[in-house]
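Heads up: take any position in the sequence shown, counting from 1, add 114, and you land on the working numbering. Here a beta-carbon is modelled for each residue, glycine too, at the ideal position from N, C-alpha and C. Structure, as structure tokens:
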Amino acid sequence: MYTQLLKEALLEIEDDDVKSIKDLVEYCRLQDDVDEDEIKKVQREYRNHTSIWWYTAPYFMYSMLNRGLREMDVDIILKMGFFIRHLHQHITELHREQQGNMPAKFQVFRGQGLSMEDFEKMKNTKGGLMSFNNFLSTSHNREISFKNFARPAALNTNSVGILFIMNIDTAICTNSSTPFAEVSKVGYYKDKEEEILFSTHAIFRIDRIERIHDNHCDRLYEVNLTIVGNDNHELNTLTAHIRKELGERTGWSRLGRILKKVGEPAKAEQLYQILLAKTSSDEDRIEYNNQLGWVCKDMGNYSKALLYYETALHIKEKTLPPNHLSLATSYNNIGLVYYNMGEYSKALSSYERSLEIKKIALPPNHPDLAASYLNIGTVYYNMGEYSKALPSYEQSLEIRKIALPPNHPDLASSYEGIGVMYYNMGEYSKALSSYERSLEIKKIALPPNHPDLAASYLNIGTVYNNMGEYSKALSSYERSLEIRKIALPPNHPDLASSYNNIGFVYNNMGEYSKALSSHERSLEIRKIALPPNHPDLAYSYDNIGNAYNNMGEYSKALSLVEKAIDIRKETLSPNHPDLATSYNSIGLVYENMAEYSKALSFLQKGLEIRQKSLPSNHPDIAQSKKNIENVKTKM
Numbered sequence: 115m116y117t118q119l120l121k122e123a124l125l126e127i128e129d130d131d132v133k134s135i136k137d138l139v140e141y142c143r144l145q146d147d148v149d150e151d152e153i154k155k156v157q158r159e160y161r162n163h164t165s166i167w168w169y170t171a172p173y174f175m176y177s178m179l180n181r182g183l184r185e186m187d188v189d190i191i192l193k194m195g196f197f198i199r200h201l202h203q204h205i206t207e208l209h210r211e212q213q214g215n216m217p218a219k220f221q222v223f224r225g226q227g228l229s230m231e232d233f234e235k236m237k238n239t240k241g242g243l244m245s246f247n248n249f250l251s252t253s254h255n256r257e258i259s260f261k262n263f264a265r266p267a268a269l270n271t272n273s274v275g276i277l278f279i280m281n282i283d284t285a286i287c288t289n290s291s292t293p294f295a296e297v298s299k300v301g302y303y304k305d306k307e308e309e310i311l312f313s314t315h316a317i318f319r320i321d322r323i324e325r326i327h328d329n330h331c332d333r334l335y336e337v338n339l340t341i342v343g344n345d346n347h348e349l350n351t352l353t354a355h356i357r358k359e360l361g362e363r364t365g366w367s368r369l370g371r372i373l374k375k376v377g378e379p380a381k382a383e384q385l386y387q388i389l390l391a392k393t394s395s396d397e398d399r400i401e402y403n404n405q406l407g408w409v410c411k412d413m414g415n416y417s418k419a420l421l422y423y424e425t426a427l428h429i430k431e432k433t434l435p436p437n438h439l440s441l442a443t444s445y446n447n448i449g450l451v452y453y454n455m456g457e458y459s460k461a462l463s464s465y466e467r468s469l470e471i472k473k474i475a476l477p478p479n480h481p482d483l484a485a486s487y488l489n490i491g492t493v494y495y496n497m498g499e500y501s502k503a504l505p506s507y508e509q510s511l512e513i514r515k516i517a518l519p520p521n522h523p524d525l526a527s528s529y530e531g532i533g534v535m536y537y538n539m540g541e542y543s544k545a546l547s548s549y550e551r552s553l554e555i556k557k558i559a560l561p562p563n564h565p566d567l568a569a570s571y572l573n574i575g576t577v578y579n580n581m582g583e584y585s586k587a588l589s590s591y592e593r594s595l596e597i598r599k600i601a602l603p604p605n606h607p608d609l610a611s612s613y614n615n616i617g618f619v620y621n622n623m624g625e626y627s628k629a630l631s632s633h634e635r636s637l638e639i640r641k642i643a644l645p646p647n648h649p650d651l652a653y654s655y656d657n658i659g660n661a662y663n664n665m666g667e668y669s670k671a672l673s674l675v676e677k678a679i680d681i682r683k684e685t686l687s688p689n690h691p692d693l694a695t696s697y698n699s700i701g702l703v704y705e706n707m708a709e710y711s712k713a714l715s716f717l718q719k720g721l722e723i724r725q726k727s728l729p730s731n732h733p734d735i736a737q738s739k740k741n742i743e744n745v746k747t748k749m
């Protein structure tokens, strides 16, 4: 889905080819694996040959481009954007010329290697769809594909040799946005490879996977595919909706929005800063400041994000009426940054101003209203006002069910919010159900290493942890951390959350030294990424204190849990459940120090808060009562 949108954005851009070639040459000279003679050849002779000639030639253009598309390497895609356009346009022209002479149905072949992991995934999706996101070289000649590509790949101990047999129906292809053409007469090798070249985003159905019995190796498979065009209704509906959300912006600006969607915020920031420096238009300045604010927020740079968002708002206030919908967007963005900074009252004020404007400017079931209800619910949740939070989440979900396709990412956000509420109300099975529904949608709608998937695994792990299923919890937390290490900068606050939760489950498993190590790594990141009194720092201090308490180092434990409660008293409402957590932690340390009267006092304060802020059947209330009884028996 996102590679299709990325291709559309690149095809809209009309850059200066001379400058683009110069930029590519400079980029290639910074790489270690590109031959200087090949770079000079491209620099001197690019205009002397067609794009297909360059693509099929034994130079770096083919390997670099397909690596960039396969791995979503944004540097490569940006630098080779002009070549992607030229190549797609040339294939499209040839397809148009050749279409009348093509047989109604025919087969082409492709030999390649797949990692064992990718091969297993393909076997598990038999009968499903497979998309080739790179330009796809195939041949009429089965023997060339098998002997030159599939068999050599199988000799590599880390891969499986695959011979794809692709069944092409030209009637289906007339409805496809992925053109293909015979390139044997215009390619570098002329007739030798009998090549058919597909543009990016060719989609096939996996029909059959069979082993090839071969004397040379035993890891060879034949995979039968049938082209389906781009007519999958569910995928097209979702793609069209995401396309609409990206807005009317074209070219580079749309490309920046897509880069954010696929989890490449640093590349998007680089692009938008270049665009902002070039423009003198108020409209463009609003757009680029807004996008930079969003990017910086996603990267955890909240003060910078707030500056960009407020700059955009000030420009709008000078040029727009007071209830213009665009102002609602700015208030919402500013609220989101305040929320991430832990300034919940400021966040709520901004979100409510945004909702006021939206109610005037939009119809009652518009998706943007759902987003506002979700944000307001999230703030109430963090303020510990669960009775106000749950109705906001439910209102958000009801609107989105009406307004959006069934697998839209925003539905995932609503299910996630409701899951958070059920979790905090102690209804873990309901929470798990909501979280898993959210994850199902995200897996369909998002790339495999998107940060939002990490958040889902984290939430599911937290439920399992509280249900006492620690091995499942640890597995979910570690999957979350893996994704975040790939998708986020090294000191992003979300990485701290992952380390924190891994430490928490180790603590519950009795592995206190591992717990301490994880919690300390979490604290290191939070000290760098967050303001000094952010509530998340209190979580870290509390968890490290609990680890020391379990290890018998009571003075260290007491010092840390007292730091946690100092932050919470300053930043949270007096009956917030997290304050109860702090009182409970301090009470448990005093219990282990045999200071039972102090322990009882703190544990009772924790129970009082929990009885005011939580449902009467919440497990934390039962735990507080149990802790108090334990102390009383020792007095």
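- Task: Could you tell me which uninterrupted beta strand (DSSP E) segments, each at least 3 residues in length, are contained entirely in the segment 174-262, listed from first to last along the chain?
- Result: Correct list: 219-229, 243-246 and 250-253.
- C-beta atoms of S528 and R514 nearer than 7 Å: Reading the sequence shown from its first residue, position 414 is the one you call residue 528. Reading the sequence shown from its first residue, position 400 is the one you call residue 514. Cβ distance < 7 Å, so S528 and R514 count as in contact.
- Meets three-Cβ-pair contact criterion under 8 Å: the segment 248-256 and the segment 181-201: Yes, they touch.
- Query: How would you call H200, buried or exposed, if buried means at least 16 neighbouring beta carbons within 10 angstroms?
  - Reply: Mapped onto the sequence shown, residue 200 falls at position 86. With 16 or more other Cβ atoms within 10 Å, it is buried.
- According to DSSP, is M535 helix, strand or coil? Counted from its first residue, the sequence shown places residue 535 at position 421. Residue state, collapsed to three classes: helix.
- Could you tell me whether the Cβ atoms of K430 and L441 are closer together than 7 Å? On the sequence shown, residue 430 is found 316 positions in, with the first residue counted as 1. On the sequence shown, residue 441 is found 327 positions in, with the first residue counted as 1. Yes.
- Message: Looking at the strands, I want to know which residues DSSP matches up with E296.
- Response: For the purposes of this step, residue 296 is taken as the residue at position 182 of the sequence shown. Bridge partners of E296 according to DSSP: I310.
- Helix, strand or coil: how does DSSP classify I283 here? Locating residue 283 in the sequence shown gives position 169, counting from the first residue. The sequence shown places Asp at residue 283, rather than the Ile named in the question. D283 falls in the strand class under three-state DSSP.
- Counted within 10 angstroms of its Cβ, other Cβ atoms place G498 as buried (16 or more) or exposed: Indexing the sequence shown from 1 puts residue 498 at position 384. Its Cβ being crowded by 16 or more others within 10 Å, G498 is buried.
- Query: What's the gap between the Cα of N281 and the Cα of A295?
  - Reply: Walking along the sequence shown from the start, residue 281 turns up at place 167. Walking along the sequence shown from the start, residue 295 turns up at place 181. Spanning the alpha carbons of N281 and A295 requires a straight line of approximately 15 Å.
- Query: Thinking C-beta only, is Y494 closer than 7 Å to V451?
  - Reply: To locate residue 451, count along the sequence shown from 1; it is residue 337. To locate residue 494, count along the sequence shown from 1; it is residue 380. It is not a contact, given that the beta carbons lie outside the stated cut-off.
- Task: Look up Y335 in the DSSP assignment and say whether it is helix, strand or coil.
- Result: Here residue 335 is taken as the residue at index 221 of the sequence shown, counted from 1. Of the three classes helix, strand and coil, the one that applies to Y335 here is strand, per DSSP.
- How long is the line joining the alpha carbons of L488 and L651, rounded to whole angstroms? As a working mapping, residue 488 is identified with position 374 in the sequence shown. As a working mapping, residue 651 is identified with position 537 in the sequence shown. When rounded, the distance between both Cα atoms is 25 Å.
- Item | Simplified DSSP assignment, three categories, for T393 | Working through the sequence shown from its first residue, we reach residue 393 at position 279. Assignment of T393 by DSSP, reduced to helix, strand and coil, places it in the coil class.
- Does DSSP put S730 in a helix, a strand or coil? Taking the first residue of the sequence shown as position 1, residue 730 is located at position 616. Here S730 sits in coil by DSSP.
- Item | Sheet register partners of R322 (DSSP bridge) | Walking along the sequence shown from the start, residue 322 turns up at place 208. In the DSSP output, where bridge partners are listed per residue, R322 has N338.
- Query: Can the beta-carbon of K381 be found closer than 7 Å to that of V188?
  - Reply: Translated into positions along the sequence shown, residue 381 becomes position 267. Translated into positions along the sequence shown, residue 188 becomes position 74. Their beta carbons are under 7 Å apart, which means K381 touches V188 by this criterion.
- Message: Contact defined as beta carbons within less than 8 Å: I believe A661 pairs with I639. What is the distance between those atoms, to the nearest angstrom?
- Response: Position 547 of the sequence shown holds residue 661. Position 525 of the sequence shown holds residue 639. Not confirmed; about 17 Å, so no contact.
- Query: Hey, would you say I658 sits closer than 7 Å to A694, going by beta carbons?
  - Reply: For the purposes of this step, residue 658 is taken as residue 544 along the sequence shown, with counting starting at 1. For the purposes of this step, residue 694 is taken as residue 580 along the sequence shown, with counting starting at 1. Not a contact, by the Cβ cut-off of 7 Å.
- Message: Buried or exposed for E383, going by 16 or more other Cβ atoms inside 10 Å?
- Response: Translated into the one-based positions of the sequence shown, residue 383 becomes position 269. Only buried fits E383, as 16 or more other CB atoms lie within 10 angstroms of its CB.
- Integer-rounded CB distance, given that F716 should sit under 8 Å from I700: One-based indexing of the sequence shown puts residue 700 at position 586. One-based indexing of the sequence shown puts residue 716 at position 602. That belief holds up - the Cβ atoms of I700 and F716 are roughly 5 Å apart, short of 8 Å.
- Just the Cα atoms here: how many angstroms apart are K304 and R399? The count along the sequence shown starts at 1 and reaches residue 304 at position 190. The count along the sequence shown starts at 1 and reaches residue 399 at position 285. Taking C-alpha positions only, K304 is separated from R399 by approximately 50 Å.
- Task: Can you tell me which of the three DSSP states A171 falls into?
- Result: As a working mapping, residue 171 is identified with position 57 in the sequence shown. Of the three classes helix, strand and coil, the one that applies to A171 here is coil, per DSSP.
- Task: Can you check DSSP and say which residues form a bridge with A316?
- Result: In the sequence shown, counting from the first residue as 1, residue 316 sits at position 202. According to DSSP, A316 shares a beta bridge with F246.
- Message: Which residue marks the beginning of the alpha helix (DSSP H) containing R598, and which one marks its end?
- Response: For this step, residue 598 is matched to residue 484 along the sequence shown. First-last of the alpha helix (DSSP H) with R598: Y584 to A601.
- Message: Using a 10 Å radius around the Cβ and a threshold of 16 neighbouring Cβ atoms, would you call V409 buried or exposed?
- Response: Locating residue 409 in the sequence shown gives position 295, counting from the first residue. The residue is buried, with at least 16 neighbouring Cβ atoms inside 10 Å.
- Message: Tell me the DSSP secondary structure of L674 in three-state form.
- Response: Residue numbering aside, residue 674 sits at position 560 when the sequence shown is read from its first letter. Reduced to three states, the DSSP call for L674 is helix.
- What do you get for Q405, buried or exposed, if any count of 16 or more other CB atoms within 10 angstroms of its CB means buried? By one-based count along the sequence shown, residue 405 stands at place 291. With 16 or more Cβ atoms within 10 Å of its Cβ, Q405 is classed as buried.
- Task: Could you tell me how far apart the beta carbons of M236 and I320 are, in whole angstroms, since I believe they sit closer than 8 Å?
- Result: For the purposes of this step, residue 236 is identified with residue 122 of the sequence shown, where counting begins at 1. For the purposes of this step, residue 320 is identified with residue 206 of the sequence shown, where counting begins at 1. The Cβ separation is near 7 Å, so the contact holds.
- Item | Secondary structure of S57, DSSP reduced to three states | Since the first residue of the chain shown is 115 and the last is 749, residue 57 is not available in this structure.
- Query: Do you know how far the Cα of S165 is from the Cα of Q145?
  - Reply: Indexing the sequence shown from 1 puts residue 145 at position 31. Indexing the sequence shown from 1 puts residue 165 at position 51. In a straight line, the C-alpha of Q145 is about 22 Å away from that of S165.
- Item | Beta carbon of I388 nearer than 7 Å to that of Y423 | Indexing the sequence shown from 1 puts residue 388 at position 274. Indexing the sequence shown from 1 puts residue 423 at position 309. Not closer than 7 Å, so no.
- For Y613 and V577, believed in contact at Cβ under 8 Å, the rounded distance: Taking the sequence shown and counting its residues from 1, one reaches residue 577 at position 463. Taking the sequence shown and counting its residues from 1, one reaches residue 613 at position 499. About 19 Å; that fails the 8 Å criterion.
- Message: If you measure between the beta carbons of R467 and Y500, is that distance less than 7 Å?
- Response: For the purposes of this step, residue 467 is identified with residue 353 of the sequence shown, where counting begins at 1. For the purposes of this step, residue 500 is identified with residue 386 of the sequence shown, where counting begins at 1. Cβ distance not < 7 Å, so R467 and Y500 don't count as in contact.
- Query: With DSSP run on the structure shown, which of helix, strand or coil describes G275?
  - Reply: On the sequence shown, position 161 is the one that residue 275 refers to. In the three-state reduction of the DSSP assignment, G275 falls in the strand class.
- Query: For I763, which of L476, T393, V337 and M413 has the nearest alpha-carbon?
  - Reply: With the chain running from 115 to 749 in the structure shown, residue 763 is simply not present.
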